[in-house]
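> Just so you know, we're using the numbering used here here: the sequence shown kicks off at 587 and counts up by one. Ideal Cβ placement from N, Cα and C applies to all residues, glycine included. Please read all numbers here as calculations on a predicted model, not as lab measurements.
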Amino acid sequence: MEKETRELMNDQLLAEAAQLYGLSQQDLTYIGGFQNFVYEYDKGGKPFILRITHSSHRDMHAIHAELDWVNDLVRYGISVSRPVPNDRGKFVEVIHLDDSEMFIASFEKAPGNKIFYPECMNNDELSEKCGELTGQIHALSRNYAPASTSRKRHHWMDNEYLKHAHRYIPDEQQQVLANLEELKQQIHRLNQRDETYGLIHGDINVGNFFVDGEIITLFDFDECQYSWFVEDIAIQLFYMVYVVLDDSLEERHVQARRFLEHFLKGYEKHCSIHPDELHHLELFLRLREYIVYVGMYRSFDLTNLNDWTETYLRESRSRLEAGIPIVQHLF
587 MEKETRELMN DQLLAEAAQL YGLSQQDLTY IGGFQNFVYE YDKGGKPFIL
637 RITHSSHRDM HAIHAELDWV NDLVRYGISV SRPVPNDRGK FVEVIHLDDS
687 EMFIASFEKA PGNKIFYPEC MNNDELSEKC GELTGQIHAL SRNYAPASTS
737 RKRHHWMDNE YLKHAHRYIP DEQQQVLANL EELKQQIHRL NQRDETYGLI
787 HGDINVGNFF VDGEIITLFD FDECQYSWFV EDIAIQLFYM VYVVLDDSLE
837 ERHVQARRFL EHFLKGYEKH CSIHPDELHH LELFLRLREY IVYVGMYRSF
887 DLTNLNDWTE TYLRESRSRL EAGIPIVQHL F
């Protein structure tokens with residue numbers, strides 16, 4: 587989140603946002619957020635989420651498009667966090683600032699708890715359930731039509747980090763930037779067909795779902811976009827192996843193949859995927875690494891990194907300059 591956006595949040599704005607949902611500022615507990623301000627509150631004995639988004643990040647049409655799609659998934663019984671309207675029946679409220687806006691939306695809080703590293707790694711049952719949920723979403727996405735032509739999400743190439751990487755990556759890393767442009771052209775040349783391309787979540791990872799017994803509930807569709815379905819798979823694979831550094835390269839490859847075996851077992855219960863599509867995984871693994879890399883340069887204090895982050899950034903730059911993914915030769 588940009589420093590300027592963080593500075594816009596104050597007690598007056600937060601109290602106004604709370605009031606729009608029949609709450610007081612004291613009812614809200616801040617729980618984090620990377621691109622948004624995210625709060626938890628209780629109403630009628632049930633937990634909910636309040637999300638506040640600045641217009642520099644998403645416009646009103648994009649947010650409505652997100653909520654329209656999530657509501658469609660809910661109608662089909664998919665285990666996702668349901669958007670909830672306020673007492674006026676509005677799914678999105680607006681607070682007008684001097685030269686920008688804040689958009690407020692609310693969601694049911696997913697039941698259960700987060701699952702953390704390393705518990706999620708080599709968890710074959712969890713990998714299969716992630717595959718099932720992803721397959722259900724992609725099967726429905728193949729036939730999804732937005733409720734309004736003005737309410738459509740962006741396509742993959744309009745991701746902010748990909749469009750504006752040059753703003754955040756230092757000038758001396760010209761090879762990193764040049765390879766990004768080449769990668770984008772490679773991906774752009776892939777065939778777009780209804781069975782391979784559509785709305786995806788765009789950020790499925792262990793931070794964006796809760797586990798309650800045998801049920802996984804997915805939330806945070808803020809990054810949903812039009813892309814190849816295989817990108818949603820590559821994102822999950824990336825986050826399942828990126829915590830393993832280069833001193834355990836073989837462990838990373840073993841982890842990747844094990845995850846894919848069980849993930850695809852679940853995925854193909856609901857959605858087929860051609861082997862040719864899986865060969866594109868390495869392209870989208872590289873794309874995700876760029877997004878994470880740019881995001882770190884945008885948001886982290888690079889003068890005060892812990893050992894893990896410093897090592898990851900060094901290794902990541904090496905991969906990006908060499909044009910190789912975090913894991914290779916998966917098939």
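#1: Rounding to the nearest angstrom, what Cα-Cα distance links Asp710 and Asn622 in this structure?
#2: So, for Glu918: in the same chain, excluding its five sequence neighbours on each side, which residues have a beta-carbon less than 7 Å away from its beta-carbon?
#3: Using 8 Å as the cut-off, can you tell me whether the stretch 797–807 makes contact with the stretch 822–831, which would need three or more C-beta pairs spanning the two stretches below that distance?
#4: Quick one, which of Lys676, Ala601, Ile701 and Leu906 has its alpha-carbon nearest Leu871's?
#5: Three or more C-beta pairs under 8 Å: does that hold for the stretch 812–819 against the stretch 763–783?
#6: Give me whichever residues DSSP pairs with Asn699 in a beta bridge.
#7: Could you say which of Asp645, Ala696 and Tyr783 lies nearest to Arg737 if we only look at CA atoms?
#8: Since Phe693 and Val670 should fall inside the 8 Å C-beta cutoff, what is the C-beta to C-beta distance between them, to a whole number of angstroms?
#9: Just to confirm the assignment: which complete alpha helix (DSSP H) runs, minimum length 4, are found wholly within the stretch 640–680?
#10: Roughly how far, in whole angstroms, is the beta-carbon of Leu594 from the beta-carbon of His640, given that I think they are within contact range, below 8 Å?
#11: Quick check on the burial criterion: 16 or more other C-beta atoms within 10 angstroms. Buried or exposed for Lys715?
#12: Quick one: measure Cβ to Cβ for Gln920 and Asp628, integer angstroms, because I've assumed they're closer than 8 Å.
#13: Going by DSSP, what residues sit across from Phe693 in a beta bridge?
#14: Please say whether Glu781 and Arg739 have beta carbons closer to each other than 8 Å?
#15: How about Val913 and Thr803: do their beta carbons lie closer than 8 Å?
#16: If I'm right that Leu766 touches Ala751 with Cβ under 8 Å, what's the distance once you round it to whole angstroms?
#17: Going by alpha carbons, who is nearest to Gly799 out of Leu712, His915, Ile790 and Ile664?
#18: Taking His724 as the reference, give the member of Phe795, Trp742, Gly663 and Ile786 with the closest Cα.
#19: Once the 5 residues before and after Arg668 are set aside, which same chain residues still bring their CB inside 8 Å of it?
#20: Going by DSSP in three states, Gln722 sits in which element: helix, strand or coil?
#21: So what does Thr889 bridge to, in DSSP terms?
#22: For Glu954, which option in Phe796, Asn892 and Glu602 has the closest C-alpha, if you only look at C-alpha atoms?
#23: Is it buried or exposed, Phe620, if we count other Cβ atoms within 10 angstroms and call 16 or more buried?
#24: So, is Ile617 buried or exposed, given that buried needs 16 or more other C-beta atoms within 10 angstroms?
#25: Decide if Glu875 is buried, meaning its Cβ has at least 16 other Cβ atoms within 10 Å, or exposed.
#26: Work out the CA separation of Glu836 and Pro732 for me, nearest whole Å.
#27: Among residues of its own chain, excluding the 5 on either side of Leu719, which ones have a beta-carbon nearer than 7 Å to its beta-carbon?
#28: Buried or exposed: which applies to Ala764, given that a residue is buried once 16 or more other Cβ atoms fall within 10 Å of its Cβ?
Result, derived from the coordinates:
#1: To locate residue 710, count along the sequence shown from 1; it is residue 124. To locate residue 622, count along the sequence shown from 1; it is residue 36. Answer to the nearest angstrom: the Cα atoms are 32 Å apart.
#2: Absent from the structure is residue 918, since the part of the chain shown begins at 587 and ends at 917.
#3: no
#4: Looking up residue 871 in the sequence shown gives position 285. With distances taken between Cα atoms, Leu871 lies closest to Leu906.
#5: yes
#6: As a first step, residue 699 must be located in the sequence shown, where it is residue number 113. Bridge partners of Asn699: Val797.
#7: Within the sequence shown, numbered from 1, the residue matching residue 737 stands at position 151. Of the listed residues, the one whose Cα sits closest to Arg737 is Asp645.
#8: Residue numbering aside, residue 693 sits at position 107 when the sequence shown is read from its first letter. Residue numbering aside, residue 670 sits at position 84 when the sequence shown is read from its first letter. That belief holds up - the Cβ atoms of Phe693 and Val670 are roughly 6 Å apart, short of 8 Å.
#9: 646–661
#10: What you label residue 594 is simply residue 8 of the sequence shown in a count that begins at 1. What you label residue 640 is simply residue 54 of the sequence shown in a count that begins at 1. About 7 Å separates the two Cβ atoms, so the contact holds.
#11: Taking the sequence shown and counting its residues from 1, one reaches residue 715 at position 129. Looking at its Cβ environment, which holds 16 or more other Cβ atoms inside 10 Å, Lys715 is buried.
#12: With the chain covering 587 to 917 only, the question about residue 920 has no answer from this structure.
#13: On the sequence shown, residue 693 is found 107 positions in, with the first residue counted as 1. According to DSSP, which records beta bridges pairwise, Phe693 is partnered with Ile635 and Pro669.
#14: Locating residue 739 in the sequence shown gives position 153, where the first residue counts as 1. Locating residue 781 in the sequence shown gives position 195, where the first residue counts as 1. Against a cut-off of 8 Å, the Cβ pair of Glu781 and Arg739 comes out as no contact.
#15: Within the sequence shown, residue 913 is the residue found at index 327, counting from 1. Within the sequence shown, residue 803 is the residue found at index 217, counting from 1. Not a contact, by the Cβ cut-off of 8 Å.
#16: Residue numbering aside, residue 766 sits at position 180 when the sequence shown is read from its first letter. Residue numbering aside, residue 751 sits at position 165 when the sequence shown is read from its first letter. Yes, Leu766 and Ala751 are in contact; Cβ-Cβ is about 6 Å, under 8 Å.
#17: Taking the sequence shown and counting its residues from 1, the one referred to as residue 799 is at position 213. When each option's Cα is compared against that of Gly799, the closest is Leu712.
#18: Locating residue 724 in the sequence shown gives position 138, counting from the first residue. Of the candidates Phe795, Trp742, Gly663 and Ile786, the one whose C-alpha sits nearest the C-alpha of His724 is Ile786.
#19: One-based indexing of the sequence shown puts residue 668 at position 82. Contacts found: Val656, Asn657, Val660, Phe693 and Glu694.
#20: In the sequence shown, residue 722 corresponds to position 136, counting from 1. Three-state result, Gln722: helix.
#21: Indexing the sequence shown from 1 puts residue 889 at position 303. Looking at the DSSP assignment, Thr889 forms no beta bridge with any residue, so it has no partner.
#22: As displayed, the chain neither begins before 587 nor continues past 917, which places residue 954 out of reach and without an answer.
#23: Stepping through the sequence shown from its first residue, residue 620 is reached at position 34. Label assigned to Phe620: exposed.
#24: The sequence position of residue 617 within the sequence shown is 31, counting from 1. So Ile617 ends up on the exposed side.
#25: Counting from 1 along the sequence shown, the entry for residue 875 is found at position 289. That one is buried.
#26: What you label residue 732 is simply residue 146 of the sequence shown in a count that begins at 1. What you label residue 836 is simply residue 250 of the sequence shown in a count that begins at 1. Using only the alpha carbons, I get a separation of about 44 Å.
#27: Here residue 719 is taken as the residue at index 133 of the sequence shown, counted from 1. The residues are Ser665, Ile802 and Leu804.
#28: The residue given as residue 764 occupies position 178 in the sequence shown. The residue in question, Ala764, is exposed, as its Cβ has fewer than 16 Cβ neighbours within 10 Å.
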